[in-house]
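Input: a single structure, listed below in structure tokens.
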Amino acid sequence: MFKKKKKSDKTIKSFDDWAKQAKQYLDDLEAEANEQSKDKKVYRKFSNNKEVSELFPRESKNKSKKNKKSSNNIDKKTHEGNESIRGSIRGSTMMGAQGDPVNPDLRRRLAEKKAKDRQKEREEAYTRKKEAYALKKSKANHNALKKKKELKKAILYAEILSPPLSKRKNR
1 MFKKKKKSDK TIKSFDDWAK QAKQYLDDLE AEANEQSKDK KVYRKFSNNK
51 EVSELFPRES KNKSKKNKKS SNNIDKKTHE GNESIRGSIR GSTMMGAQGD
101 PVNPDLRRRL AEKKAKDRQK EREEAYTRKK EAYALKKSKA NHNALKKKKE
151 LKKAILYAEI LSPPLSKRKN R
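The opening residue of the sequence shown carries number 1 in full-length UniProt numbering; numbering runs sequentially from there.
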């Protein structure tokens, strides 16, 4: 509500005081610059300085580290096949085109059984389709017959309820 009035420093400083402050400020800047040069943080990736490699030597590659397998260090060859360029593994299946090398008779019988199952499924689908078509046709025929019967009844009722032929006015 009420604004406080700020008291400003209107004390007049002499030139000597200003010179002392300026000299102190410059000394502080120089001291900071010297401290920064002592505690230099350098990142090897972005530096061309040769001293940096001496200050921060790269880790030497030991054979013990080489033998350890990490998630990033995968062998180029696996038991399944060669590793492709993108990282996926390509190789042949355990059973070749000839079938199971251990028991080819079993593999052949399984293939025959699968073929029979597929054939049976095809036949069942065909019969289902045929039955659905026949049902649709029979419904259509049933409706047509129903309409014919109703038409015949309508004609008969019209004949019965109409006046006799002798009394009809024919033009």
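Ideal placement from N, C-alpha and C gives every residue a C-beta, glycine not left out.
Report all residues from its chain with a CB closer than 6 Å to the CB of LYS69; omit the five preceding and five following residues, and keep chain order.
Any reading at LYS69 must be qualified, since the residue scores a pLDDT of 49, below 50, and its modelled position is unreliable; the value itself is stated next. Within the same chain, LYS69 has no close Cβ partners at all.
Which same chain residues end up closer than 7 Å to ASP16 when comparing Cβ atoms and leaving out the 5 residues on each side of it in sequence?
Excluding positions up to five away in sequence, the list is empty.
In whole angstroms, what is the alpha-carbon distance linking ASN141 and GLU121?
Within the model, the alpha-carbon separation for ASN141 versus GLU121 is close to 30 Å.
Three-state secondary structure assigned by DSSP to LYS69
Low local confidence applies: a pLDDT of 49 at LYS69 is under 50, so the model's placement there is unreliable, with the coordinate-based value given in what follows. Coil, per DSSP.
Can you give me the start and stop residues for the alpha helix (DSSP H) that ASN141 sits inside?
Its alpha helix (DSSP H) spans residues 104 to 161.
Pull up the distance between the alpha-carbon of LYS147 and that of THR127, whole angstroms please.
Rounded to the nearest whole angstrom, the C-alpha separation of LYS147 and THR127 is 30 Å.
What number of angstroms, rounded off, separates the C-alpha of PRO104 from the C-alpha of ASN143?
In a straight line, the C-alpha of PRO104 is about 59 Å away from that of ASN143.
Helix, strand or coil, according to DSSP, for SER166 in the structure here?
Helix, per DSSP.
Helix, strand or coil for LYS23? Go by DSSP, reduced to three states.
Here LYS23 carries a helix assignment [DSSP, helix/strand/coil].
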